[in-house]
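Chains as they are written, first to last, in the working numbering: chain P, 5 to 209; chain E, 123 to 568; chain A, 206 to 381; chain X, 63 to 463. Glycine is no exception: its CB is placed at the ideal position from the N, C-alpha and C atoms.
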């Protein structure tokens, strides 16, 4: 009896959980339940990361997304939920429209996913070792977060650039990272300012 | 342990070994957490009794009333657990279990001894911080779902408190991680082996202060007085737990005691040397082998060596549990002496005092390790000889400029195996003169 | 005695609104006309030589003898008396001010007698007036929220009146 | 952006939050009995507090119009049930004032001894309950351990632990049993260090100071205006104590006793060298000062009890027996205020010749102290409402009568 490939079993379990909770977010009418299902689906995604052995990324996902959604839940939903917002009823027409759009997007995604050659069979999911026994990537205990951290500091430990190539000095990706964060900050401040002023103007009309 | 079991089974039954290890560690941890919660409820009654000049439970269970917590548990089980009419039934029932599960998840990555760790994560400290932050989720959902004004206030106060103590707690965890150079708690623990002055607490004055900031944030994290904003009895009746009764209420409480035990355990590992006792007993008596060799005639080397390691871990675990319990007892001690802070005072303490202080300590600790690599003792000891190959902290490879020496020492402590790929470059001889790259090569040679 | 000459000074200076006084009793008192009460209160508090800055309490007393036999022997007419106990922390002396009110406003049963409030002079009067309104039934005009303070808001009747009949039940609860 | 450069259109718009009505009470852990505070809150900030009382109203004054003064003593026990002796004393003195009755010197010393002992018990309960309101449970248990000893003394004296009905118009029900005075002495000697324990645990505790200093500041003018009396008034720096400044028939009892009135006059408390100093953050008239006045008054009362024991031992003669049950009351009115632990407790009795008074009135100190809570609690946090109400040391029995 071919041994059950436990790795893909858990993978499917978490994937299913993530998607089902995502669907639950859409279906449920109570805002707080929506936020709760969102948190559970993001938690399931964090589970996927852990399953893939990327525990650093799993923790980041837990802290950033799930923590972030929680803060959103508190300050965005609980403190402002007044009367009409707590339960949002969606009309039948909107359901049909949503179903069409979602269905088409799902079809596109499935179609692209399926014709990628290497993802076709679950057996391939774990990376092959010599004697065909599937060792799930998570077991290899040696991939640590250190290269990640030092990559950030500008020392690409995986590929030490030979000095004759032009990109010798800018080995790391620190610079792009900083630019993106400053950019995001600017966008945030702008959005906050616009939101406040706009509220005043439409109160006047 | 999984490999050990797997070695007995054929290739196709590998998964049973892993499954068994997983189930075994989960059951073990759950049992530990539940009994710890029970023991701590009993200890809380006894400690508070002693502080208040009275006896505490003596009736249930013969002498010291040790049957008190099972009796409480039974009472809570028999109590009718109400659900308020206006409550959101689904979330109301679920909240305590979220709070308990997240408090329990922390134990997955928390090493009890060198070898006793359920899941040796490379980013254990970060994982613990992430999960500890989630425990709040159960509290807030519980507060909101019971639809009563008092519990809503409790939940909102919990949210305000979380926002304020998470950052300093994270900063305090970063300092030992920075000194050890890794987030893997087992490595941090092993780094503090030896006499008690090897603990990070005495590593340098900055970490000493950081420990006390950590204690404040841990007390805030476990919602213990004087930071017990969410369930401040005298103001908010019982905060978010107002509408809970019976078993659901006790699950919340188990969550609280579990997080108390976890946070003081984490503190013990980061600052108090985790499983290394003040006097390195095992090291003094010599390696484990000689320990068992002398006392117990052991047939062949391998099982003796395994037994010795197990014994060392056992001693380590008792050390760890003693330290964590001492931390919990101190939290109880604080709880029964101090009055409660106001919510804005809690936030001011955490935001305005703890964060700048922790940041300053981070800077101070970084500069200190930059100048005295070995910490306080490293500075006192004469400059170590270069050839010492035991990867002890004070190892200083033949660095060139001062800058190079500290920086390379910093990377010297990384385990070499990750860089086999870079090792191959060394043969090509095309040296990269980036100072750090030099450090890798020197790291590879010895 | 200090209190006697204080009363004499009060009478000769403010004869117009003092309608009576009695110095021989244990707590000498002066009687003030109901309409002039706020003015008298302000004067008593602000004049430098009285400075009665502390209002201890306002008491309502219902002088009414329900059964005829005793009523014949009594020498006073049925009326409601509101007694103000004042004292001065500066001069350390005490004074009692009384106001006589008819039991019902212009004789109509159920119409509470009116009396202007002094809560703007002494803030403590607000609660005491609410209590006198609740228990004796004197309407204090100008008191900002004249509600019952001790009995439930929708309680009928004023318990400390001599002719008060206790309702047999309140919202279905037997009142014994 | 500085305000003036803002063009008139872009005014800062605050997020409109609607207020929530929160009922703190009548069952609430820290409202000291059945008091209901209707809080209108905007988030944690309390916009307005409306106290609702009357849940413990037992028509004490209506009963007073149907029973003789001696029969009304048990009702006075239940007004301020933490200081029943002082209530009995107040009523007894008022009736004696109406009757013009003088009690013997020995009785007066016994009355001072018993009243001051009950003041110690009441102040200790007030102090430790305040600690409980702010979250520290331990002083509560220590305080009650000491109070138990005082209650045992009273039980030996008059058989009751809470509602003594001991001091009656005309004297006291029965004389002190043998050896009782030595027991009082022993209690006082072992009680002194306990006061220092409470000081260490509460008064100079940094968190306690942060929670109470500068919270609920009551200015002297507002205190007098709202009729606040007792430690609440003295906490605001008004040097007024009826035991020294009261009416003659009450202060006569305290002649020959030296004690200080605890009030911060001229920036310092009388002989406060051996108590913890006033923290810099404390403002005159705040909750901390009210608590501090009570703690210092306990020490003064201990001194008074010691002197009373000495004087009681050295005066010969007998303790007076109470007046006859059906004693006829003269026509007339008598009002007398005495210094109860919570403040000035006033009693009024109108006699009409028969043995049953025409009208009886009890003026309670907590009633006025509570009326000022509404002023003090505007714009504070919920936790401060608990701190302010706790510092007023309210007893609902006295407020609702």
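Tell me where the alpha helix (DSSP H) around residue 134 of chain E begins and ends. Within the second chain, residue 134 of chain E is the residue found at index 12, counting from 1. First-last for residue 134 of chain E: undefined, no H or E at that position.
Would you list, in sequence order, the uninterrupted alpha helix (DSSP H) runs of no fewer than 4 residues that lie entirely inside the region 156 to 229 of chain X? With a minimum length of 4 residues, the continuous alpha helix (DSSP H) runs that stay inside the region 156 to 229 of chain X are 167 to 195, 200 to 220.
Can you list the alpha helix (DSSP H) stretches of 4 or more residues lying completely in the region 190 to 252 of chain E, in chain order? Entirely contained in the region 190 to 252 of chain E, the alpha helix (DSSP H) runs reaching 4 residues are, in chain order, 190 to 200, 211 to 231.
If you draw a straight line from the C-alpha of residue 184 of chain P to the C-alpha of residue 194 of chain P, how long is it? Here residue 184 of chain P is taken as the residue at index 180 of the first chain, counted from 1. Here residue 194 of chain P is taken as the residue at index 190 of the first chain, counted from 1. If you take the alpha carbons of residue 184 of chain P and residue 194 of chain P, they lie about 15 angstroms apart.
Chain-ordered chain A contacts of residue 47 of chain X [CB-CB under 8 angstroms]: Given a span of 63 to 463 for chain X in the structure shown, any question on residue 47 of chain X remains unanswerable.
Within a Cβ cutoff of 8 angstroms, which residues of the same chain sit near residue 415 of chain X, ignoring the five residues on either side of it in sequence? Your numbering for residue 415 of chain X matches position 353 in the fourth chain. Cβ within range, chain order: 390, 391, 392, 393.
Strand pairing of residue 114 of chain X, partner residues [DSSP]: For the purposes of this step, residue 114 of chain X is taken as the residue at position 52 of the fourth chain. Bridge partners of residue 114 of chain X: X:98.
Counting beta carbon pairs with one atom in the region 404 to 423 of chain X and one in the region 260 to 267 of chain A, are three or more of them shorter than 8 angstroms? yes
Judging by CA-CA distance, which residue of A:216, A:240, A:221, A:212 is the nearest neighbour of residue 229 of chain A? Your numbering for residue 229 of chain A matches position 24 in the third chain. Minimum Cα distance to residue 229 of chain A is reached at A:212.
Tell me the start and end of each unbroken alpha helix (DSSP H) in the region 308 to 333 of chain X that is at least 4 residues and wholly inside, in chain order. 310 to 313
Check the Cβ of residue 163 of chain X against every Cβ in chain A and list those closer than 7 angstroms, keeping chain order. As a position in the fourth chain, residue 163 of chain X is number 101, starting the count at 1. In chain order: nothing, as chain A lies at least about 12 angstroms away.
Between residue 151 of chain X and residue 132 of chain X, is the Cβ-Cβ spacing less than 7 angstroms? Counting from one through the fourth chain, the residue named residue 151 of chain X turns up at place 89. Counting from one through the fourth chain, the residue named residue 132 of chain X turns up at place 70. No, they are not a contact pair.
Over the uninterrupted alpha helix (DSSP H) stretch that includes residue 424 of chain X, give me the two end residues. Locating residue 424 of chain X in the fourth chain gives position 362, counting from the first residue. Taken as a continuous stretch (DSSP letters only), residue 424 of chain X belongs to no alpha helix (DSSP H), being part of the beta strand (DSSP E) at 421 to 425.
Limits of the unbroken beta strand (DSSP E) element including residue 290 of chain A: Sequence index remark: in the third chain, residue 290 of chain A carries index 85 (1-based). It spans 284 to 293 - the beta strand (DSSP E) in which residue 290 of chain A sits, taken as one unbroken run.
Span of the alpha helix (DSSP H) holding residue 131 of chain X? Position 69 of the fourth chain holds residue 131 of chain X. First-last of the alpha helix (DSSP H) with residue 131 of chain X: 131 to 139.
Can you name, in chain order, every residue of its own chain whose Cβ lies under 7 angstroms from the Cβ of residue 419 of chain X, other than the five neighbours on each side? What you label residue 419 of chain X is simply residue 357 of the fourth chain in a count that begins at 1. Answer for residue 419 of chain X: 126, 127, 131, 391, 411, 412, 413, listed in chain order.
Whole angstroms are fine: how far does the CA of residue 246 of chain X sit from the CA of residue 147 of chain X? Numbered from 1 along the fourth chain, position 85 holds the residue referred to as residue 147 of chain X. Numbered from 1 along the fourth chain, position 184 holds the residue referred to as residue 246 of chain X. C-alpha separation (whole angstroms): 16 angstroms.
Where do the ends of the beta strand (DSSP E) carrying residue 369 of chain X lie? For this step, residue 369 of chain X is matched to residue 307 along the fourth chain. Run containing residue 369 of chain X: none in the beta strand (DSSP E); it sits in the alpha helix (DSSP H), 349 to 376.
Between the alpha carbons of residue 256 of chain E and residue 244 of chain E, how many angstroms are there, rounded? Residue numbering aside, residue 256 of chain E sits at position 134 when the second chain is read from its first letter. Residue numbering aside, residue 244 of chain E sits at position 122 when the second chain is read from its first letter. Using only the alpha carbons, I get a separation of about 20 angstroms.
Option in X:117, X:229, X:178 with minimal Cα separation from residue 358 of chain A: Here residue 358 of chain A is taken as the residue at index 153 of the third chain, counted from 1. Checked all of X:117, X:229, X:178; the closest Cα to residue 358 of chain A is X:117.
Best match in E:216, E:229, E:228 for proximity to residue 267 of chain E [C-alpha to C-alpha]: By 1-based counting over the second chain, the position of residue 267 of chain E is 145. The option with the nearest alpha carbon to residue 267 of chain E is E:216.
By the criterion of Cβ-Cβ separation under 9 angstroms, what are the contact partners of residue 251 of chain E in chain P? Here residue 251 of chain E is taken as the residue at index 129 of the second chain, counted from 1. Within chain P, the residues near residue 251 of chain E are 63, 67.
Going along chain X in order, which residues have a C-beta closer than 8 angstroms to the C-beta of residue 459 of chain E? As a position in the second chain, residue 459 of chain E is number 337, starting the count at 1. Result: 198, 200, 263.
Would you identify the three-state DSSP class for residue 409 of chain X, choosing helix, strand or coil? Looking up residue 409 of chain X in the fourth chain gives position 347. Note: residue 409 of chain X maps to strand in three-state DSSP.
Name, please, each residue of chain E whose Cβ falls closer than 8 angstroms to the Cβ of residue 448 of chain X. As a working note, residue 448 of chain X is residue 386 in the fourth chain. Per Cβ cutoff of 8 angstroms: 356, 357.
Going by C-alpha distance, which of E:360, E:128, E:239, E:466 is nearest residue 150 of chain E? In the second chain, the residue the question calls residue 150 of chain E occupies position 28. With respect to the C-alpha of residue 150 of chain E, the residue from E:360, E:128, E:239, E:466 having the closest C-alpha is E:239.
How would you label residue 386 of chain X, buried or exposed, when you count the other beta carbons within 10 angstroms and need 16 or more for buried? For this step, residue 386 of chain X is matched to residue 324 along the fourth chain. Answer is exposed; the Cβ neighbour count stays below 16.
According to DSSP, is residue 288 of chain E part of a helix, a strand, or is it coil? Along the second chain, read from residue 1 onward, the residue named residue 288 of chain E stands at position 166. In the structure shown, residue 288 of chain E sits in a helix (DSSP, three-state: H, G or I).
What does residue 43 of chain P touch in chain E if you count any residue whose Cβ is under 8 angstroms from its own? Working through the first chain from its first residue, we reach residue 43 of chain P at position 39. The contacting residues are 259.
How is residue 354 of chain A classed by DSSP in three states: helix, strand or coil? Residue mapping note: residue 354 of chain A aligns to position 149 of the third chain, counting from 1. DSSP places residue 354 of chain A in coil when its eight states are reduced to three.
Return the Cβ separation of residue 274 of chain X and residue 353 of chain X in integer angstroms, given the expectation that the two are a contact with Cβ distance under 8 angstroms. For the purposes of this step, residue 274 of chain X is taken as the residue at position 212 of the fourth chain. For the purposes of this step, residue 353 of chain X is taken as the residue at position 291 of the fourth chain. Between residue 353 of chain X and residue 274 of chain X the Cβ distance is about 6 angstroms, and since that is below 8 angstroms, they are a contact.
Interface residues of the region 148 to 182 of chain E facing chain X [CB-CB below 7 angstroms]: 173, 174, 175, 176
DSSP on residue 416 of chain X, reduced to helix/strand/coil? Locating residue 416 of chain X in the fourth chain gives position 354, counting from the first residue. For residue 416 of chain X, the secondary structure class from DSSP, reduced to helix, strand or coil, is coil.
With a cut-off of 8 angstroms, do at least 3 Cβ pairs link the region 360 to 371 of chain E to the region 262 to 276 of chain E? Taking a contact to require three or more Cβ pairs closer than 8 angstroms, the region 360 to 371 of chain E and the region 262 to 276 of chain E qualify as touching.
May I ask which residues mark the beginning and end of the alpha helix (DSSP H) holding residue 25 of chain P? Walking along the first chain from the start, residue 25 of chain P turns up at place 21. Annotation: the continuous alpha helix (DSSP H) that includes residue 25 of chain P extends over 10 to 31.
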